[in-house]
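Q: According to this note's numbering, the sequence shown is numbered sequentially starting from 1357. Heads up, the beta-carbon is just placed ideally off N, CA and C, and yes, glycines get one too. Okay, here's the structure, questions in a sec.
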Amino acid sequence: MKTKVLMVCLGNICRSPLAEGILKSMVDPNKVLVDSAGTAGYHVGNPPDNRSIIVARKYGIDISAQQCRKFSEIDFLEFDHIYAMDRSNLSNIMKLAQTEKEAEKVRLLLDEVDLGLKEVPDPYYGGDDGFEKVYQLIEKACLSIAEKLN
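Written as structure tokens, this is what we have:
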């Protein structure tokens, strides 16, 4: 049986698509399924932000075929681990949890590493360098997760 991991940010166009692509590149697809979602439905059906696509491509990861979707209560049943990019999204996810078991699946992505940060900043309104910084943070957390899952 596959372990299922869900990465969650606000719109599912910047951080969580990067996290999905990065973790997928590090794990055995026969053992681990990785997906992403947003707590808001602003971009449902759209591809990731072009700046996320470009920074991922720089590291040999293609996220261009991903489609944005909204997080739903069903995700608690479908996934074993749910990682939020920041406290706001963590709070929005936790509001939907119906049981303690569901709530226990959820944590901040950067809780997986000791970087002195707890939240992956949203690069959407910043420059291109913000996407590079976010990539580096997410990659470190995904390395830690991949070690546990492989």
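With DSSP as the reference, identify every bridge partner of G1394, one or two as the case may be.
A: G1394 pairs with C1365 and K1426.
Q: Pick helix, strand or coil for K1451, following the three-state DSSP scheme.
A: It is helical.
Q: Tell whether a beta-carbon distance below 8 Å holds between M1363 and Y1481.
A: It is not a contact, given that the beta carbons lie outside the stated cut-off.
Q: If V1469 sits next to S1428, beta carbons under 8 Å apart, how far is it from one beta carbon to the other, in whole angstroms?
A: The pair is not a contact, with the Cβ atoms about 28 Å apart (cut-off 8 Å).
Q: Taking C-beta to C-beta, are G1394 and S1372 nearer than 8 Å?
A: Yes, they are a contact pair.
Q: Output needed for V1476: all residues of its chain with C-beta closer than 7 Å, excluding positions within five of it in sequence on either side, in chain order.
A: If we look at V1476 and ignore the five residues flanking it on each side, its Cβ neighbours are R1371, M1441, D1442, L1465, L1466, V1490, L1493 and I1494.
Q: Closer than 6 Å by C-beta to D1436: which residues in its own chain qualify, once you throw out the five before and the five after it? Chain order, please.
A: T1359 and K1360, listed in sequence order.
Q: Would the beta-carbon of V1411 fall within 8 Å of that of E1458?
A: Contact: no.
Q: From the DSSP output, in three-state form, read off I1378 for me.
A: In this structure, I1378 counts as helix in the three-state DSSP scheme.
Q: Please confirm whether any heavy atom of the ligand ATP lies closer than 7 Å to the CB of A1440.
A: With respect to small molecules bound, the structure shown includes none, and the ligand ATP cannot be examined in it.
Q: Within 10 angstroms of the Cβ of D1384, are there 16 or more other Cβ atoms? Answer buried if so, exposed if not.
A: Looking at its Cβ environment, which holds fewer than 16 other Cβ atoms inside 10 Å, D1384 is exposed.
Q: Given a cut-off of 8 Å on the beta-carbon distance, is the pair V1400 and K1426 in contact?
A: Result yes, Cβ atoms of V1400 and K1426 sit closer than 8 Å.
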